[in-house]
């Protein structure tokens with residue numbers, strides 16, 4: 001995208017045209033790091049759709065931000081870096097407190113465990129409305145049962161007014177494990193832009209390497225942050241086993257769009273197996289809709305998930321989805337209708353499932369069409385935006401405490 005640079009705390013004087021309407025409600029969003037990811041993508045879609053005459057936003061980053069911020073359309077959205085150092089650094093608490101007292105937001109919206117402690121700071125800074133979002137758990141606590149973390153979560157119940165969960169799985173966990181009262185939990189699915197993410201019409205898009213697609217009859221793809229929890233090496237291992245099991249695998253292709261710690265390992269695995277010429281790892285890309293239209297099958301091999309934006313985008317692109325049976329994935333993928341659900345950490349099972357789709361183009365088309373229909377019926381961004389706005393409005397009208 002060609003959005004203009006966004007102002008930050010250290011930017012020289014901001015033009016007056018960047019200032020939001022004075023009567024708009026200020027929401028302070030707190031994240032650990034604003035980089036490429038599903039949670040950040042959801043924030044971008046939400047902020048871009050909330051009416052600017054009613055809401056203005058500031059994003060407070062514990063540990064910095066990346067170029068992904070340029071996807072926010074509104075140049076009035078400011079980013080502030082709190083400079084948290086790795087490990088148990090407490091120096092960001094007073095910095096956050098001073099910033100909240102200076103900005104005086106009406107709502108504090110934290111997301112995931114890494115920012116939950118900001119709720120205590122928000123309470124001390126007298127932010128009137130406080131909401132915490134759960135978007136998924138990381139690899140170090142996939143089931144959300146870590147005793148130390150849950151002690152923190154239970155303590156935070158006293159200062160958080162409302163909780164938002166992006167899946168029924170997370171909403172149930174907040175109630176049964178964390179002990180949040182059901183009346184304070186709101187489950188909101190992310191939406192997807194059905195105009196930007198649409199089925200392929202005709203030939204595959206031109207992505208700059210026509211020779212890569214020459215002779216390809218099935219392109220297997222995935223898009224996302226290449227972190228441990230996403231288990232991209234497991235997907236690569238399944239692709240290697242799939243190719244080795246077939247007398248003629250020359251028509252198979254694998255594309256992994258994204259970057260992260262696992263990218264180098266995945267590339268090395270493919271080179272060691274002699275399959276580097278059939279795989280493409282282009283790194284982070286902004287034009288993900290075009291890449292999805294180059295795929296025939298979409299795979300999400302995660303060890304844990306909240307609600308995957310990339311699954312929704314793949315479904316909107318009329319792709320069958322092969323996903324692991326974890327987190328919110330079963331809420332999106334209907335086995336035998338829009339894709340398949342598989343055990344996590346099992347390359348053999350994934351390779352066998354992929355083989356069935358490779359050999360059955362008609363199945364790919366029918367399940368992809370059903371996936372697109374499900375998106376059009378149930379996952380509209382305007383519906384999600386209205387639900388967030390309703391929660392924000394409830395926070396604004398609740399008695400102060």
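Numbering (this note's numbering), first residue to last: 1 to 401.
Idealized CB from N, CA, C, for every residue including glycine.
None of these values were measured; they are calculated from a predicted model.
According to the DSSP assignment, residue 299 belongs to the beta strand (DSSP E) that extends over 297-300.
If you draw a 10 Å sphere on the C-beta of residue 139, you find fewer than 16 other C-beta atoms in it, and that means exposed. In the three-state reduction of the DSSP assignment, residue 282 falls in the strand class, which pools E and B.
Separation of residue 223 and residue 310 (C-alpha to C-alpha, rounded to the nearest whole angstrom) is 7 angstroms. Around the beta carbon of residue 29, a 10 Å sphere encloses 16 or more other beta carbons of the protein chains shown; the residue is thus reported as buried.
Beta-bridge analysis with DSSP links residue 165 to 134 and 187. The residue among 158, 133, 190 and 177 with its C-alpha nearest the C-alpha of residue 165 is 133. In this structure, residue 334 keeps its C-beta atom at 9 angstroms or more from the C-beta atom of residue 198. By the CB criterion at 9 angstroms, residue 216 and residue 351 fall outside the cutoff.
In the assembly as shown, residue 264 is an exposed residue. Its beta-carbon has fewer than 16 other beta-carbons within 10 Å. Judged by beta-carbon spacing, residue 188 lies beyond the 9 angstroms limit of residue 220, meaning their Cβ atoms are not closer than that value. Note that the C-beta distance between residue 136 and residue 305 is below 9 angstroms.
Assignment of residue 307 by DSSP, reduced to helix, strand and coil, places it in the coil class.
In the same chain as residue 123, and ignoring 5 residues on each side of it, the C-beta atoms closer than 6 angstroms to its own belong to 159, in chain order. Under the DSSP assignment, residue 221 falls in the beta strand (DSSP E) whose first and last residues are 218-223. Restricting attention to 194, 298, 44 and 213, the CA atom closest to the CA of residue 250 is found in 213.
Under the three-state reduction of DSSP output, residue 170 falls in the helix class. Take residue 285, set aside five residues on each side of it, and the residues of its chain with a beta-carbon closer than 7 angstroms to its own are 257 and 291, in chain order. For residue 335, the secondary structure class from DSSP, reduced to helix, strand or coil, is strand. Residue 262 and residue 227 do touch by the CB rule: their CB atoms are close to 7 angstroms apart, below 8 angstroms. With contacts defined as CB atoms closer than 9 angstroms, residue 354 and residue 242 qualify as a contacting pair. Inclusion of residue 106 and residue 129 in the CB contact set at 9 angstroms is warranted, their separation being smaller than that value. Under the DSSP assignment, residue 323 falls in the beta strand (DSSP E) whose first and last residues are 321-324. In this chain, the beta strand (DSSP E) harbouring residue 110 covers 107-111. Leaving aside the five residues that flank residue 225 on each side, the residues in its chain whose CB is nearer than 7 angstroms to its CB run, in chain order, 36, 37, 258 and 260.
Excluding five sequence positions before and after residue 92, the CB atoms of its chain that fall closer than 7 angstroms to its own CB belong to 62, 82, 83 and 84, given in chain order. According to DSSP, residue 25 shares a beta bridge with 55. By the Cβ test, the stretch 200-209 is not in contact with the stretch 173-187, since fewer than three Cβ pairs between them sit closer than 8 angstroms.
Between residue 312 and residue 375, the C-beta gap is smaller than 9 angstroms, which places the two residues in contact. Across the structure, residue 387 and residue 365 are spaced so that their CA atoms are roughly 33 angstroms apart.
No Cβ-Cβ contact shorter than 9 angstroms links residue 178 with residue 395.
In the three-state scheme derived from DSSP, where H, G and I count as helix and E and B as strand, residue 340 is classed as strand. The Cβ atoms of residue 391 and residue 162 sit closer than 9 angstroms to each other.
If you look at residue 180, you'll find it isn't in any alpha helix (DSSP H); DSSP assigns it neither H nor E. Cα atoms of residue 332 and residue 230: separation of roughly 17 angstroms, rounded to the nearest angstrom.
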